[in-house]
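Protein chains in written order, with our numbering: chain A, 1 to 305; chain B, 1001 to 1242.
Cβ coordinates follow ideal geometry from the N, Cα and C atoms, glycine included.
Everything numeric in this text was worked out from a predicted model, so none of it was measured.
The structure under discussion appears below in the form of structure tokens.
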């Protein structure tokens, strides 16, 4: 692996070398390495680009890394990854996409990830998007995540986009059966002229199902962000969404939370707050000896931690 | 240590919150008291740099700090524990204590600072400074941060506010210990007799003016409505001793 690939791997998956356990590395639109285990199989799709990741029922304490690296300028990559998590499994999946674009053309990665999480299975899914480049070409990523949770299945998704992605539309859809629970934690920071749109749609279809969407974002410079969510309670369920944004410079943030209750025992809550860093927060950190810039950095790092 | 010359502070509507305050403070434990709205917190904020005076001068160890930023004053050795502590989403108690202790300090004694203020480090060190903490808990963390800074001058703005009286009795020893163990000075804005009782000097601010300033023995009896003469007469009649 070259230095650029290594650096991108470090950024998106915190890896210094190829991971242990199951993994599939995709680089510049092609497979670049794969490992399977007794419980986790990875199969290349035949009808379209992408892979199927099949995790056997009862698999515990295993992880799958599926990083995607793009270092060729002008490459547009579209990939469909389907995940089948067996009943009672308890696993971690680490995805991430890193683009290094030093040319003048647009580089784009659109990943469509579909999760079928079996009964009482537990999944932690971590994805990180990162772009870098010294050219004029844009880095674009449009991740789509579709989640089907069976009875009692639990999925926690952490998604982070802190730097370097010029345009992004991030779509997450979920359908949750009885006793299932989906938690989504999203962290976004946009700078310069970047644009980020987040769309959440979750259907709570079974008794005791739950969804918790937590979005924290920072919009700096002239960047724009949009947050749209719709939690639909179709059964006795609990839905909560929370959108907190810090706006700086000439940033722009729009939040459109929507709740739809179609059952009398659907308990749905939305919280949204957009604002600049409070003056008293800066004052407090400055009384500890930090400069204004250091104080801002601490507040943003903490907010997005 | 601290010299305040003709200090005034006017707000936008023209009302004067502080008028021509003159003070020279050498004592290591000073309590500022007086009725609400008298200008106590304003004076503290002017010293810490959160407000800039409309007139006058503040000298700290001979340095003119009147127009210095909050950061510059903090780095010179002034700490300010807020009356209403600020919440900071995402920052943890450990982060704040580490920032307070300073970059150069490698091993921060989180446990020590927190147990001083009556909090169990194990339960609090990873808590976020957010709405899940009560006002009293935030207040104790605010005091722990001042301990971690351990600067030449620490200003506490009504440390008793938001803390129940029983717990506050236990917190008094924090100030006493700070007084004994550090070489720094303490300035406390307080209405608590127990605090006034351990101060070297008491300053009374009323309606933006300096109403009284002197040693504890001079000021406290008058504040409590028990002048020395009154006490002597009372003790004499009852055959007690002073």
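- Close to chain B, meaning a Cβ-Cβ distance shorter than 8 Å, are the following residues of the stretch 283-296 of chain A: 283, 284, 285, 286, 287, 288, 289, 290, 291, 292.
- Excluding sequence positions up to five before and after residue 298/A, its CB lies within less than 7 Å of the CB of 285, 290, all in the same chain and listed in chain order.
- Contacts with chain B at 9 Å (Cβ-Cβ) include residue 298/A.
- At a cut-off of 9 Å between beta carbons, residue 303/A contacts chain B.
- Excluding the 5 residues flanking it on each side, residue 207/A has same chain C-beta neighbours closer than 8 Å at 178, 179, 235, 236, 237, in chain order.
- The C-beta of residue 243/A has 16 or more other C-beta atoms within 10 Å across all chains shown, which makes the residue buried.
- Residue 1088/B and residue 277/A have their C-alpha atoms some 10 Å from each other.
- Taking a C-beta distance under 9 Å as the contact criterion, residue 99/A and residue 42/A do not qualify as a contact pair.
- Short of 6 Å from the beta carbon of residue 185/A, and not among the five residues preceding or following it, lie these beta carbons of its own chain, in chain order: 158, 214.
- In terms of Cβ geometry, residue 64/A and residue 53/A form a close pair [threshold 9 Å].
- The residues 1179, 1184, 1185, 1186, 1200, in chain order, have a CB closer than 8 Å to that of residue 1028/B in the same chain once the five nearest residues on each side in sequence are set aside.
- Rounded to whole angstroms, the gap between the alpha carbons of residue 1099/B and residue 1108/B is 10 Å.
- The Cβ of residue 1079/B sits closer than 9 Å to at least one Cβ of chain A.
- Residues of the stretch 147-168 of chain A that bring their beta carbon within less than 8 Å of a beta carbon in chain B are absent altogether.
- Look at the stretch 2-74 of chain A and you find these whole runs of alpha helix (DSSP H), each 4 residues long or longer: 3-13.
- Between the stretch 1112-1123 of chain B and the stretch 1069-1077 of chain B there are fewer than three inter-stretch CB-CB distances shorter than 8 Å, so the stretches are not counted as touching.
- Annotation for residue 1170/B: the continuous alpha helix (DSSP H) segment containing it runs 1165-1181.
- Inclusion of residue 1095/B and residue 302/A in the CB contact set at 9 Å is warranted, their separation being smaller than that value.
- For residue 118/A, the closest of 38/A, 85/A, 51/A, 210/A by C-alpha to C-alpha distance is 85/A.
- The Cβ atoms of residue 196/A and residue 216/A lie no closer than 9 Å to each other.
- In terms of Cβ geometry, residue 1002/B and residue 1033/B do not form a close pair [threshold 9 Å].
- It is roughly 16 Å from the alpha-carbon of residue 102/A to the alpha-carbon of residue 109/A.
- In the three-state reduction of the DSSP assignment, residue 143/A falls in the coil class.
- Cβ contact annotation for residue 300/A (same chain, cutoff 7 Å, sequence separation greater than five): 218, 246, in chain order.
- In this structure, residue 210/A places its C-beta atom within 9 Å of the C-beta atom of residue 176/A.
- Counting C-beta atoms within 10 angstroms of its own C-beta, residue 194/A has 16 or more neighbours from the protein chains shown and is therefore classed as buried.
- Contact residues of the stretch 239-252 of chain A toward chain B are 244 (C-beta to C-beta distance below 8 Å).
- Taken through DSSP and simplified to helix, strand or coil, residue 1033/B comes out as strand.
- Residue 1113/B: member of the alpha helix (DSSP H) spanning 1110-1116, first to last residue.
- For residue 1007/B, the pairing in a beta bridge is given by DSSP as 1021/B.
- If you draw a straight line from the Cα of residue 1136/B to the Cα of residue 1194/B, it is about 19 Å long.
- DSSP, read as helix, strand or coil, puts residue 201/A in strand.
- Judged by DSSP in its simplified three-state form, residue 1221/B adopts helix.
- If you ignore the 5 residues before and after residue 1208/B, its C-beta comes within less than 6 Å of the C-beta of 1016, 1017, 1018, 1019, 1039, all in its own chain and listed in chain order.
- Contact annotation: the stretch 1206-1224 of chain B does not touch the stretch 1054-1064 of chain B, with fewer than three C-beta pairs closer than 8 Å.
- Residue state for residue 84/A is assigned as strand, using DSSP reduced to three classes.
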